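For reference, the structure discussed in these notes is given below.
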Amino acid sequence: MTLRLLKVRSDGTAVEVTGRHVKANQAYLLVCSNTVPTEVIDSLSLTPVQSQTTGADVWQFSIPTKVDAGIIAALSSVGLGYKLGMRAESIGMTARWNNVDDALEFLDTEVVMFYLASDVEADELQIIINKHPPVHLRPEPNGKTFISLGKLPIGLYYVSLSALGVATGSNIISEEILIRVRLAAPWQKTVSGKAGVSLKLEPQGATLEQFLDHAATLRFMAPAGRIVKLEIRFFNADGTLFHIEPIGNYKAPVDDERISKLIVQKLTADNYIEHVDRSACIELLISLDEYGLESVRFDKKAEPLRWLRLDKRTIRLTDDTEETSLPSVKRYDLNAVEIGHEVDYEQALSGLELRGKGGLFVASINDQTYEVIAMASQRQISDFRDLNILTHVSAEEPQPLTIINALGYWQGARRLIGPMAFLARRNAILTLEKELERYLCGNDWAEDLNKVQSGKRDIGFLYRRVYYSQGFASGLLSAQDWQYDHDAETAELEFFRLAHAYKIPETDILYRLALKLAFQPHTVKPSDLASPNAFDLLRKNSALIRGAYFARLVASSQKTSSKTEVL
């Protein structure tokens, strides 16, 4: 009969609890559709709450430090459970909650402090912040252990608190906390002289590669309420402007992080790779009518290893490295996009003839790779099939590391030769990603996924294919916009929360790897593998890896159906 269980936070707001288990020393709201028995009201000390909810009653109650059999029985009768756990009590002013992240909010000038307490006696307390190694502490005799994280830099932090060696001899629920640290004052209150526009790169002097890797950010400043124009300009080696790409018109203040990511998306999209490759200089520009303009300029250095076209079916390598050791050279063909074939260095210098319509060529030296996708020139198109570039994997089942390595090369190829090169790159990436998904999730998953993507079945058809409990996939669908490419940490935390709530096996050690394989497989490194048999563990634990790929499907569907947003 229970409809909802909500936990009351320190600021008086309430948030729904997944799993419907209560913990000691916490206050809750209970929303019921049926009449609550009198004995339950007495046992739990339920207090009615006045609300505008129709068809349901709202009750408030608190769980004491010590829970007896009567309270547990009363909880069970209304469909609730009880778990022993950790508690973190913030010290100082009333906690602020960030409704966007559902996180505790602190300013960058404030010291983050907590008291930690366990419902049962523990030998040791463990704290994990983001991906850092755990910190272990000895509990205080009075049951409350003081913790200070100091003043944290601006950002989002995931804090996991656990009690080890508890008296019950079994694990208890750990406390999971999200902390958002923000600036003490918005820029409008800290910048004097708001007239004019400004565009800065942080850190100063960052390279284009650092910006594209999200290691640098643009900072935009303009008078509040005014509309600023943003654009990208591309220049040849002789200084000639050959292309202007509008980004859009935006109302100040501009969201620095969001617009920086949008610009990175444009610069790395298939449609603009050739512009980036041709450019000796790329300029990002902000302008505002009478206030003029400001720009950030990226100068590109000439690469020591470069690929050039000799004729319509031949390319060659030029080497300006002056290294004593020779570069290694490989080629990947379109009919086996995951298999690299070694190429003789001298032959690469004199010229390599393209096989079929073309392929990928990789030169490597000193742990640096220089890729190119070269396609044969087509003077005349006689068939619609000439407009497509077919890509395949080899007949033998590729191993995941082989696929991932090949993906890294195809994904990293920014030098394109030939009008169909961008299509070959896109199709090769899709082919490799589908093959990796098939290998990890199974042939049955690939077949069912195709039914959904072709429109024969709706997305709910995959719920039970993900996990026997349909709530896991349903939660993935409704949880959030899965912006893993732009905010991996937030996506990881949400995926971790849902997988834990539905008790998916191996979640703790495999959830990050599962998401990375689904969203960014080309970035997976040996250090990401929790164990040598990590791929086999994921194949056996199909719920976790299928859940990750389902989240990617949700993200793709949201991206396709979303309308252009005007800021």
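Residue 1 is where the sequence shown starts when you use full-length UniProt numbering, and the numbers rise one by one after that.
Backbone N, C-alpha and C define an ideal beta-carbon position, used for all residues, glycine too.
Predicted model, so just to flag it, every value in this text is computed and none were measured.
Between the C-alpha atoms of R464 and A473, what's the straight-line distance to the nearest angstrom? Here the question's residue 464 lines up with position 464 in the sequence shown. Here the question's residue 473 lines up with position 473 in the sequence shown. Spanning the two alpha carbons is a distance of roughly 8 Å.
Could you name the residues of the same chain whose beta carbon sits closer than 6 Å to that of F106, not counting the 5 residues immediately before and after it, in chain order? Reading the sequence shown from its first residue, position 106 is the one you call residue 106. The answer, listed in chain order, is V112 and V181.
Apart from the five residues just before and just after T54, which ones in its own chain have a Cβ nearer than 6 Å to its Cβ? Locating residue 54 in the sequence shown gives position 54, where the first residue counts as 1. The answer is none, since no qualifying residue turns up.
Straight-line gap, D536 to E435 (C-alpha atoms, nearest Å): In the sequence shown, the residue the question calls residue 536 occupies position 536. In the sequence shown, the residue the question calls residue 435 occupies position 435. Taking the straight line joining both Cα atoms gives about 16 Å.
Using the beta-carbon count (16 or more within 10 Å), is H522 buried or exposed? Taking the sequence shown and counting its residues from 1, the one referred to as residue 522 is at position 522. H522 comes out buried.
Look up A357 in the DSSP assignment and give the residues it is bridged to. To locate residue 357, count along the sequence shown from 1; it is residue 357. Correcting the residue type first, residue 357 is Lys in the shown sequence and not Ala. K357 is not bridged to any residue.
Residues in its own chain within less than 6 Å of L498 by CB, not counting five upstream and five downstream? To locate residue 498, count along the sequence shown from 1; it is residue 498. Once the five neighbours on either side are set aside, the close Cβ partners of L498 are G475.
Please state the DSSP three-state secondary structure of Q520. Reading the sequence shown from its first residue, position 520 is the one you call residue 520. Q520 falls in the coil class under three-state DSSP.
Since I believe D256 is in contact with F298 (beta carbons under 8 Å), could you give me their beta-carbon distance rounded to a whole number of angstroms? The sequence position of residue 298 within the sequence shown is 298, counting from 1. The sequence position of residue 256 within the sequence shown is 256, counting from 1. Not really, about 17 Å apart at Cβ, beyond 8 Å.
So, at 6 Å on beta carbons, what are the nonlocal neighbours of K144 in its own chain, with the 5 sequence-adjacent residues on each side left out? The count along the sequence shown starts at 1 and reaches residue 144 at position 144. The residues are Y115 and A117.
So is L515 buried or exposed if we call it buried at 16+ other beta carbons inside 10 Å? The residue given as residue 515 occupies position 515 in the sequence shown. L515 is buried by the Cβ-count criterion.
Where residue 608 sits in the DSSP three-state scheme: Since the first residue shown for the chain is 1 and the last is 567, residue 608 is missing from the structure and cannot be characterised.
Indicate the three-state DSSP secondary structure (helix, strand or coil) for Y502 in the structure shown. Counted from its first residue, the sequence shown places residue 502 at position 502. Coil at Y502, not helix or strand.
Helix, strand or coil, according to DSSP, for K451 in the structure here? On the sequence shown, position 451 is the one that residue 451 refers to. The answer is helix: DSSP assigns K451 an H, G or I state.
Please name the residue or residues paired with N221 in a DSSP beta bridge. Reading the sequence shown from its first residue, position 221 is the one you call residue 221. In the sequence as presented, Asn is not what sits at residue 221; that position holds Met. The partner list for M221 (beta bridge, DSSP) reads S198.
Within its chain, find whatever has a CB closer than 7 Å to the CB of N25; leave out the 5 residues flanking it on each side and keep chain order. Position 25 of the sequence shown, counting from 1, holds the residue named residue 25. Closer than 7 Å at the Cβ level, and outside the excluded window around N25, lie I63, T65 and R87.
State the DSSP-derived secondary structure class of G351, mapped to helix, strand or coil. One-based indexing of the sequence shown puts residue 351 at position 351. In the structure shown, G351 sits in coil (DSSP, three-state: anything other than H, G, I, E or B).
Please go through the same chain and pick out, in chain order, the residues whose beta-carbon is closer than 6 Å to the beta-carbon of S229, but skip the five residues on each side of it. Working through the sequence shown from its first residue, we reach residue 229 at position 229. Per the sequence presented here, residue 229 reads as Lys, with Ser not at that position. Once the five neighbours on either side are set aside, the close Cβ partners of K229 are N249 and S287.
For N427, does the count of other Cβ atoms within 10 angstroms reach 16, so buried, or fall short, so exposed? Taking the first residue of the sequence shown as 1, we reach residue 427 at position 427. Classification of N427: buried, given that the 10 Å Cβ count is 16 or more.
Count Cβ pairs between the region 337 to 348 and the region 394 to 412 that sit closer than 8 Å; are there 3 or more? yes
What would DSSP say about R457, mapped onto helix, strand or coil? Residue numbering aside, residue 457 sits at position 457 when the sequence shown is read from its first letter. R457 falls in the coil class under three-state DSSP.
Are the Cβ atoms of R425 and I365 separated by less than 7 Å? Position 425 of the sequence shown, counting from 1, holds the residue named residue 425. Position 365 of the sequence shown, counting from 1, holds the residue named residue 365. For R425 and I365, no; Cβs fall outside 7 Å.
Would you mind working out which of A363, A376, Y370 and V362 sits nearest R355, comparing C-alpha positions? Translated into the one-based positions of the sequence shown, residue 355 becomes position 355. Checking every option, the nearest Cα to that of R355 belongs to A376.
Please classify F461: is it buried, with 16 or more other beta-carbons within 10 angstroms of its beta-carbon, or exposed? Numbered from its first residue, the sequence shown carries residue 461 at position 461. Classification for F461: exposed.
List the residues that DSSP assigns as beta-bridge partners of H341. Taking the first residue of the sequence shown as position 1, residue 341 is located at position 341. DSSP, once it has assigned bridges, lists R331 as partnering H341.
Determine the DSSP secondary structure at Q188, reduced to helix, strand or coil. Residue 188 sits at position 188 when you count from the first residue of the sequence shown. Confidence is the limiting factor: at Q188 the pLDDT is only 43, short of 50, which leaves the residue's position unreliable, though a coordinate-based value still follows. In the structure shown, Q188 sits in a helix (DSSP, three-state: H, G or I).
Identity of the residue in A224, L529, S43 and V58 nearest residue 618 by Cα: The first residue shown for the chain is 1 and the last is 567, placing residue 618 beyond what the model contains.
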